[in-house]
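Working notes, beginning with the structure itself.
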Amino acid sequence: MTLVSLHLGTDQGLQTNVSNAALTNDSSSHLKSDQPLHERIVVSIVIIIIALAGTMGNLITLVTIAKVKELRKQSTHLFIANLAIADLLLLLIGTPTIVTSMIRNEWLFGQDICNLVAIALSTTSTVSLVQIMVIAINRYCVIVDAKIAPRVFKGWKNGAIILGIWTFMTFSQVMPALGVYEDTFYTYSPRVYQCLLRLPPGKLTHVSYTVMVFYFMIQLAILTCYSLITVKVRNSRKRIHTHYNSGNQQTENT
């Protein structure tokens, strides 16, 4: 499934319809947006500023984890490093293509690059989301059920989890570009200045529902893990507070 924005085979915001034949000869590149140039320039500047800040932040995270040996030994920091890599790739790939398309008001890079960029952006965004869920599960195991953590998050298993996330998400995004699904492909959308998955109307409801369930399950897992962690921390704090008060009372009585 592709978790980047989905849109119908018939796009009311476009004056030119895109078909499979048009896809093969890159005619989708001439699609234009109605947004004024000055607005596109302002938005592009904002995007560049955010991208620079995000790039610096992720690079600092990666350098810090790489330099501190103790951090590299902890599974949580390895997952954070993977999250930083995914975010960094998203910024480095998405920003130049989106800003260029926004300023020029067209797609300049051809259909092959359109496929690659769409796959990369979809993959990195979903990897980031799933990695956040894995970090939440990892924190739950470490804080709430410490017996599970060494069995699940240790040594080569951390690498296997990271590799599994990237492999599954990349595989799921490549399928439309290979023509596996009928009438489903990546094409440039001037609404968002990037290449998105174009679906036939008959498939849109099913895919949208699947995407919503996928997102909901991930968000539910994250919320559940941190809720249980909060309950555990509060209970521990209450026990410590009770023990401290009982100790003071015994001292006063003696």
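Following full-length UniProt numbering, the numbering of the sequence shown begins with 1 at its first residue and continues without gaps. Glycine is no exception: its CB is placed at the ideal position from the N, C-alpha and C atoms. Computed from a prediction, not measured in an experiment: that's the story for all the values here.
Check	Outcome
Can you give me the C-alpha to C-alpha distance between Gln12 and Leu196, rounded to a whole angstrom?	The pLDDT assigned to Gln12 is 35, lower than 50, so where the model puts this residue is not dependable, and the model offers no usable value.
I need the straight-line Cα distance from Leu199 to Lys157, nearest angstrom please.	37 angstroms
Determine whether the beta carbon atoms of Tyr193 and Ile98 lie at a separation below 8 angstroms.	yes
Excluding five sequence neighbours on each side, which residues of the same chain lie with their C-beta closer than 6 angstroms to the C-beta of Leu89?	Thr124
Which of helix, strand or coil does DSSP assign to Thr187?	strand
Answer with buried or exposed for Ala160, where buried requires no fewer than 16 other C-beta atoms within 10 angstroms of its C-beta.	exposed
DSSP on Gln111, reduced to helix/strand/coil?	helix
Quick check: Ile229 and Ile143, are their CB atoms within less than 8 angstroms of each other?	yes
To the nearest angstrom, how far is it from the Cα of Ile103 to the Cα of Leu31?	13 angstroms
May I ask which residues mark the beginning and end of the alpha helix (DSSP H) holding Ser172?	Trp156 to Ala177
Suppose you measure from the CA of Leu178 to the CA of Trp166; what does that come to, to the nearest Å?	18 angstroms
Tell me whether Phe214 sits in a helix, a strand or coil according to DSSP, three-state version.	helix
Report all residues from its chain with a CB closer than 8 angstroms to the CB of Ile85; omit the five preceding and five following residues, and keep chain order.	Asn58 and Leu62
Pull up the distance between the alpha-carbon of Thr210 and that of Ile222, whole angstroms please.	19 angstroms
Give, in chain order, every unbroken run of the beta strand (DSSP E) that is at least 3 residues long and sits entirely within the segment 70 to 112.	none
With Val130 and Met169 assumed to form a contact (beta carbons below 8 angstroms), what rounded beta-carbon distance in angstroms separates them?	7 angstroms
Look at the alpha carbon of residue 257 and the alpha carbon of Glu182, and state the distance between them as a whole number of angstroms.	The question about residue 257 has no answer, for the chain in this structure spans 1 to 254.
What three-state label does DSSP hand His38 in the structure shown?	helix
I'd like to check one pair, Ile65 with His77: are the Cβ atoms closer than 8 angstroms?	yes
Starting from Ala149, follow the alpha helix (DSSP H) in both directions and report where the run begins and ends.	Ala149 to Val152
Leaving out five residues on either side along the sequence, give the residues of the same chain with a beta carbon under 6 angstroms from the beta carbon of Gly54.	Leu91
What does a CB cutoff of less than 6 angstroms around Gly94 pick up in its chain, not counting 5 residues either side in sequence?	Leu121
By how many angstroms is the C-alpha of Val174 removed from the C-alpha of Val180?	9 angstroms
Compute the Euclidean distance between the alpha carbons of Asp34 and Arg40, then round it to the nearest angstrom.	10 angstroms
Leaving out the 5 sequence neighbours to the left and right, which residues in its chain are closer than 8 angstroms to Ile137 when beta-carbon positions are compared?	Ala221 and Cys225
Check Tyr140 in the structure and name its three-state DSSP category.	helix
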